Each structure stands twice: as C-alpha cells, then as structure tokens.
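Participant:
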Ligand code: FES
C-alpha cells in the first residue's frame, strides 16, 4: 500500500470539489464537505461523466450526465441509473497535503 499526494487542502473549495490527476491512478474527485475531505474516483460508475462537475448537496454528489447521486463519504450509488458504487479512498492529511492510500 502506497501513499500518494493528491492535492493541497487549499485546492478544494469549501462545499466543493477539485479534480486531481495523480500519476498511476485514475482521475480523482476530492470533496470538502461539512464532515471533512473525501476522495473518490472522478469518473462516474455509470458512464464517463466527471463527478467533480456535479452538484453537491447534503453529503451527496449528483452526476452531471444522468443525475445519479452518490454518497460522498462511502461512494454508495444512491439513485438510478447508477448501481455500482464509486471507489473511495482512505485519506491522510499531512500538513496541508491531502494523501490517499492505494
Ligand atoms: S454517467 Fe453518471 S449517471 Fe450516467
């Protein structure tokens, strides 16, 4: 298991999302919501949409293409048409760097 630097905490707007490119990993969506920072794969499990472009509300992100909603914390697909969860990552804050384990 390796630790990868994803971005700085300052890159992620409060209540928003930052799309991160990390060598050797799929594109990542980094969320900053009331409960903290969370990271999941950016590409929707239903298609090719970028979830970092989705609406964020109540700890959920809504896919901009077909409006499936995912739990930001767990990656669970909450509404159709998505049925597969998003992969989420365990994060670690090191100073002001957001790191993920993979
Ligand atoms: S691509 Fe996300 S719901 Fe279809």
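Numbering (my numbering), first residue to last: 169 to 270. Note that the Cβ used here is the ideal one computed from N, Cα and C, for glycine as well. As the structure is a prediction and not an experimental result, all values here were calculated from the model.
How about residue 172 and residue 268: are their beta carbons less than 7 Å apart?
Facilitator: A contact, by the Cβ cut-off of 7 Å.
Participant: Beta carbon of residue 217: closer than 6 Å to some heavy atom of the ligand FES?
Facilitator: Flag set: Cβ of residue 217 near the ligand FES.
Participant: For residue 170 and residue 190, I'd like the C-alpha separation in whole angstroms.
Facilitator: Distance between the alpha carbons of residue 170 and residue 190: 13 Å.
Participant: What number of angstroms, rounded off, separates the C-alpha of residue 277 from the C-alpha of residue 260?
Facilitator: Since the first residue shown for the chain is 169 and the last is 270, residue 277 is missing from the structure and cannot be characterised.
Participant: So residue 204 is in the beta strand (DSSP E); what residue range does that whole segment cover?
Facilitator: Residue 204 -> beta strand (DSSP E) spans 204-209.
Participant: Is the beta carbon of residue 231 closer than 7 Å to that of residue 222?
Facilitator: Yes, Cβ-Cβ distance for residue 222 and residue 231 is below 7 Å.
Participant: Should residue 254 go down as buried or exposed, given a rule of 16 or more other Cβ atoms within 10 Å for buried?
Facilitator: Buried, because 16 or more other Cβ atoms sit within 10 Å of the Cβ of residue 254.
Participant: So residue 241 and residue 206 are supposed to be a Cβ contact under 8 Å. How far apart are they, rounded?
Facilitator: Right, the Cβ-Cβ distance comes to about 6 Å (below 8 Å), so this counts as a contact.
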